[in-house]
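Peer 1:
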Amino acid sequence: CGIESLNRLRNPHLMDSFTRVIRDLSVGELIQMQWERSFAITEEIYGKIIYGKTASLFGAVCETAGILFGADSRRVQSLKNFGILMGNMFQKRDDYIDYFSGVAKNGKTPYKDFYNGLYTYPVIVLRDQCNKTEKKIIQKIFSKPERTLEDTSVIENFMDYYKIEKTLQDEMNLEKLKLITFLKKFPQSPYRKLMIERIEDL
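If you read the sequence shown in the working numbering, its first letter stands for residue 17, the second for the next number, and so on.
In C-alpha coordinates:
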(Lines of atoms letter the chains of each structure in order from A and count residues from 1; the text may use other names and numbers.)
(Lines give C-alpha, C1' and ligand atoms only; values in the text may rest on other atoms or scores of the structure.)
Protein backbone atom coordinates (compact mmCIF):
# COMPACT_ATOMS: atom_id res chain seq x y z
CA CYS A 1 0.00 0.00 0.00
CA GLY A 2 1.01 3.67 -0.06
CA ILE A 3 2.38 3.78 3.49
CA GLU A 4 4.54 0.70 2.92
CA SER A 5 5.96 2.27 -0.24
CA LEU A 6 6.80 5.45 1.67
CA ASN A 7 8.47 3.46 4.43
CA ARG A 8 10.69 1.74 1.89
CA LEU A 9 11.98 5.14 0.77
CA ARG A 10 13.18 5.79 4.35
CA ASN A 11 12.61 9.52 4.12
CA PRO A 12 10.89 11.04 7.17
CA HIS A 13 10.09 14.24 5.27
CA LEU A 14 7.95 12.29 2.82
CA MET A 15 6.09 10.60 5.66
CA ASP A 16 5.52 13.97 7.34
CA SER A 17 4.01 15.35 4.14
CA PHE A 18 1.83 12.28 3.70
CA THR A 19 0.45 12.36 7.25
CA ARG A 20 -0.21 16.11 7.06
CA VAL A 21 -2.23 15.81 3.88
CA ILE A 22 -4.30 12.94 5.33
CA ARG A 23 -5.07 15.11 8.35
CA ASP A 24 -5.90 18.11 6.14
CA LEU A 25 -8.21 16.02 3.95
CA SER A 26 -10.06 14.74 7.01
CA VAL A 27 -10.44 18.20 8.52
CA GLY A 28 -11.59 19.64 5.19
CA GLU A 29 -14.23 16.94 4.84
CA LEU A 30 -15.56 17.60 8.34
CA ILE A 31 -15.74 21.36 7.75
CA GLN A 32 -17.50 20.81 4.43
CA MET A 33 -20.10 18.53 6.01
CA GLN A 34 -20.83 21.24 8.57
CA TRP A 35 -20.94 24.27 6.27
CA GLU A 36 -21.63 23.40 2.61
CA ARG A 37 -25.40 23.90 2.99
CA SER A 38 -25.20 26.78 5.45
CA PHE A 39 -26.07 30.31 4.35
CA ALA A 40 -23.63 31.56 7.00
CA ILE A 41 -20.58 30.07 5.27
CA THR A 42 -17.85 32.69 4.76
CA GLU A 43 -15.03 32.96 2.23
CA GLU A 44 -12.64 32.10 5.05
CA ILE A 45 -14.49 28.88 5.86
CA TYR A 46 -14.77 28.05 2.16
CA GLY A 47 -11.02 28.58 1.91
CA LYS A 48 -10.44 26.07 4.70
CA ILE A 49 -12.61 23.53 2.91
CA ILE A 50 -10.85 23.79 -0.44
CA TYR A 51 -7.46 23.85 1.28
CA GLY A 52 -8.24 20.65 3.13
CA LYS A 53 -9.91 18.79 0.26
CA THR A 54 -7.98 20.02 -2.78
CA ALA A 55 -5.18 22.54 -2.27
CA SER A 56 -3.38 20.54 0.43
CA LEU A 57 -3.21 17.56 -1.92
CA PHE A 58 -1.79 19.65 -4.78
CA GLY A 59 0.65 21.18 -2.30
CA ALA A 60 1.78 17.76 -1.08
CA VAL A 61 2.36 16.52 -4.64
CA CYS A 62 4.61 19.49 -5.41
CA GLU A 63 6.30 19.36 -2.01
CA THR A 64 7.19 15.67 -2.27
CA ALA A 65 8.51 16.18 -5.81
CA GLY A 66 10.94 18.70 -4.36
CA ILE A 67 11.90 16.36 -1.52
CA LEU A 68 12.58 13.47 -3.90
CA PHE A 69 14.63 15.78 -6.12
CA GLY A 70 16.76 16.75 -3.12
CA ALA A 71 15.84 20.45 -3.14
CA ASP A 72 16.63 22.56 -0.08
CA SER A 73 13.88 23.42 2.41
CA ARG A 74 13.28 26.87 0.93
CA ARG A 75 12.72 25.48 -2.56
CA VAL A 76 10.54 22.68 -1.21
CA GLN A 77 8.34 25.24 0.55
CA SER A 78 8.04 27.36 -2.60
CA LEU A 79 6.99 24.28 -4.57
CA LYS A 80 4.41 23.46 -1.92
CA ASN A 81 3.05 27.01 -2.04
CA PHE A 82 2.81 26.74 -5.83
CA GLY A 83 0.80 23.54 -5.48
CA ILE A 84 -1.52 25.08 -2.90
CA LEU A 85 -2.21 28.06 -5.16
CA MET A 86 -2.85 25.75 -8.10
CA GLY A 87 -5.20 23.60 -6.01
CA ASN A 88 -7.13 26.65 -4.85
CA MET A 89 -7.54 27.87 -8.41
CA PHE A 90 -8.48 24.39 -9.62
CA GLN A 91 -11.37 24.17 -7.15
CA LYS A 92 -12.56 27.72 -7.75
CA ARG A 93 -12.44 27.02 -11.48
CA ASP A 94 -14.54 23.90 -10.96
CA ASP A 95 -17.10 25.92 -9.00
CA TYR A 96 -17.04 28.61 -11.69
CA ILE A 97 -17.74 26.09 -14.47
CA ASP A 98 -20.90 24.96 -12.67
CA TYR A 99 -22.47 28.40 -13.18
CA PHE A 100 -20.75 29.86 -16.22
CA SER A 101 -19.96 27.05 -18.68
CA GLY A 102 -22.02 24.84 -20.95
CA VAL A 103 -22.22 21.05 -21.13
CA ALA A 104 -20.78 20.73 -24.63
CA LYS A 105 -17.55 22.49 -23.74
CA ASN A 106 -16.79 20.98 -20.35
CA GLY A 107 -18.90 17.86 -19.99
CA LYS A 108 -20.22 19.02 -16.61
CA THR A 109 -23.95 19.40 -16.00
CA PRO A 110 -24.65 23.12 -15.45
CA TYR A 111 -25.94 24.15 -12.02
CA LYS A 112 -25.34 20.73 -10.51
CA ASP A 113 -24.02 22.25 -7.28
CA PHE A 114 -26.90 24.73 -7.29
CA TYR A 115 -29.55 22.03 -7.63
CA ASN A 116 -27.82 20.10 -4.85
CA GLY A 117 -28.16 23.15 -2.63
CA LEU A 118 -24.43 23.68 -2.14
CA TYR A 119 -22.95 27.08 -1.31
CA THR A 120 -19.95 27.15 -3.63
CA TYR A 121 -17.61 30.03 -4.44
CA PRO A 122 -19.75 31.92 -7.01
CA VAL A 123 -22.72 31.96 -4.63
CA ILE A 124 -20.60 33.09 -1.68
CA VAL A 125 -19.15 35.96 -3.72
CA LEU A 126 -22.63 36.86 -4.99
CA ARG A 127 -24.22 36.77 -1.55
CA ASP A 128 -21.56 39.09 -0.12
CA GLN A 129 -22.44 41.73 -2.74
CA CYS A 130 -26.22 41.53 -2.41
CA ASN A 131 -28.43 43.75 -0.30
CA LYS A 132 -30.47 42.38 2.62
CA THR A 133 -33.57 41.67 0.55
CA GLU A 134 -31.60 39.82 -2.13
CA LYS A 135 -29.75 37.82 0.52
CA LYS A 136 -33.07 36.66 1.95
CA ILE A 137 -34.18 35.57 -1.52
CA ILE A 138 -30.98 33.56 -2.02
CA GLN A 139 -31.28 31.98 1.41
CA LYS A 140 -34.90 31.02 0.73
CA ILE A 141 -33.98 29.42 -2.60
CA PHE A 142 -31.18 27.36 -1.10
CA SER A 143 -33.25 26.29 1.90
CA LYS A 144 -35.85 24.64 -0.36
CA PRO A 145 -35.83 20.82 -0.68
CA GLU A 146 -35.49 21.27 -4.45
CA ARG A 147 -34.64 24.20 -6.71
CA THR A 148 -36.59 24.98 -9.89
CA LEU A 149 -35.82 26.53 -13.27
CA GLU A 150 -37.41 29.72 -11.96
CA ASP A 151 -34.95 29.68 -9.05
CA THR A 152 -32.13 29.25 -11.56
CA SER A 153 -33.29 32.34 -13.44
CA VAL A 154 -33.33 34.37 -10.23
CA ILE A 155 -29.74 33.39 -9.41
CA GLU A 156 -28.64 33.99 -13.01
CA ASN A 157 -30.11 37.49 -12.92
CA PHE A 158 -28.30 38.26 -9.67
CA MET A 159 -25.05 36.89 -11.10
CA ASP A 160 -25.45 39.06 -14.21
CA TYR A 161 -26.36 42.19 -12.27
CA TYR A 162 -23.37 41.96 -9.95
CA LYS A 163 -21.01 40.80 -12.73
CA ILE A 164 -19.91 37.76 -10.74
CA GLU A 165 -18.55 35.99 -13.82
CA LYS A 166 -16.15 38.85 -14.55
CA THR A 167 -15.16 39.13 -10.89
CA LEU A 168 -14.22 35.46 -10.78
CA GLN A 169 -12.47 35.59 -14.16
CA ASP A 170 -10.34 38.52 -12.99
CA GLU A 171 -9.45 36.68 -9.80
CA MET A 172 -8.51 33.49 -11.62
CA ASN A 173 -6.47 35.40 -14.20
CA LEU A 174 -4.45 36.94 -11.39
CA GLU A 175 -3.83 33.52 -9.88
CA LYS A 176 -2.86 32.14 -13.29
CA LEU A 177 -0.33 34.95 -13.65
CA LYS A 178 1.21 34.06 -10.28
CA LEU A 179 1.49 30.40 -11.28
CA ILE A 180 3.06 31.18 -14.66
CA THR A 181 5.48 33.68 -13.10
CA PHE A 182 6.66 30.96 -10.72
CA LEU A 183 7.12 28.43 -13.53
CA LYS A 184 9.15 30.89 -15.60
CA LYS A 185 11.81 30.88 -12.89
CA PHE A 186 12.76 27.38 -14.03
CA PRO A 187 14.94 26.63 -17.07
CA GLN A 188 13.13 26.20 -20.36
CA SER A 189 12.03 22.64 -21.04
CA PRO A 190 9.15 20.78 -22.71
CA TYR A 191 7.65 20.14 -19.25
CA ARG A 192 7.72 23.82 -18.28
CA LYS A 193 6.23 24.78 -21.64
CA LEU A 194 3.45 22.20 -21.28
CA MET A 195 2.55 23.30 -17.75
CA ILE A 196 2.39 26.95 -18.76
CA GLU A 197 0.19 26.09 -21.75
CA ARG A 198 -2.17 24.06 -19.56
CA ILE A 199 -2.48 26.89 -17.04
CA GLU A 200 -3.09 29.44 -19.81
CA ASP A 201 -5.91 27.25 -21.15
CA LEU A 202 -7.78 27.27 -17.84
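No residue lacks a Cβ here, since even glycine has one placed at the ideal position from N, Cα and C.
#1: Out of Glu52, Asp110, Asn27, point me to the one whose CA is closest to Gln155's CA.
#2: Helix, strand or coil, according to DSSP, for Lys156 in the structure here?
#3: Excluding sequence positions up to five away, which residues of its chain have a Cβ less than 7 Å from the Cβ of Val92?
#4: Would you report the Cα separation of Thr164 and Ile140, rounded to the nearest angstrom?
#5: Would you list, in sequence order, the uninterrupted alpha helix (DSSP H) runs of no fewer than 4 residues that lie entirely inside the region 115-192?
#6: Tell me the DSSP secondary structure of Arg53 in three-state form.
#7: Evaluate Pro138 with the Cβ neighbour count: other Cβ atoms within 10 Å of its Cβ, from every protein chain shown; 16 or more gives buried, anything less gives exposed.
#8: Report buried or exposed for Asp88, applying the criterion of at least 16 other Cβ atoms within 10 angstroms of its Cβ.
#9: Hey, out of Ser117, Lys182, Pro206, Ile196, whose CA is closest to Ile212's CA?
#10: Can you grab the Cα-Cα spacing for the pair Lys179 / Ile171, in whole Å?
#11: Where Tyr115 and Lys124 are concerned, what is the direct C-alpha to C-alpha distance, given to the nearest angstrom?
#12: What's the call for Lys108, buried or exposed, on a 16-neighbour Cβ count within 10 Å?
#13: Going by DSSP, what residue range makes up the alpha helix (DSSP H) through Tyr62?
#14: Would you decide whether Tyr112 is buried or exposed? Buried here means 16 or more other CB atoms lie within 10 Å of its CB.
#15: For Glu45, count neighbouring C-beta atoms within 10 Å of its own C-beta (all shown protein chains included) and say buried if the count is 16 or more, exposed if not.
#16: Could you please give the first and the last residue of the uninterrupted alpha helix (DSSP H) stretch that includes Lys209?
#17: Helix, strand or coil, according to DSSP, for Pro28 in the structure here?
#18: Span of the alpha helix (DSSP H) holding Ala87?
#19: Could you compute how far the alpha carbon of Asp222 sits from the alpha carbon of Phe158?
Peer 2: Reading it off the structure:
#1: Glu52
#2: helix
#3: Glu79, Gly82, Ile83
#4: 20 Å
#5: 119-122, 128-131, 137-145, 148-159, 165-177
#6: coil
#7: buried
#8: exposed
#9: Ile196
#10: 12 Å
#11: 10 Å
#12: buried
#13: 59-66
#14: buried
#15: exposed
#16: 206-217
#17: helix
#18: That residue, Ala87, is in no alpha helix (DSSP H); it is neither H nor E in DSSP.
#19: No answer is possible for residue 222: it lies beyond the span of the chain, which begins at 17 and ends at 218.
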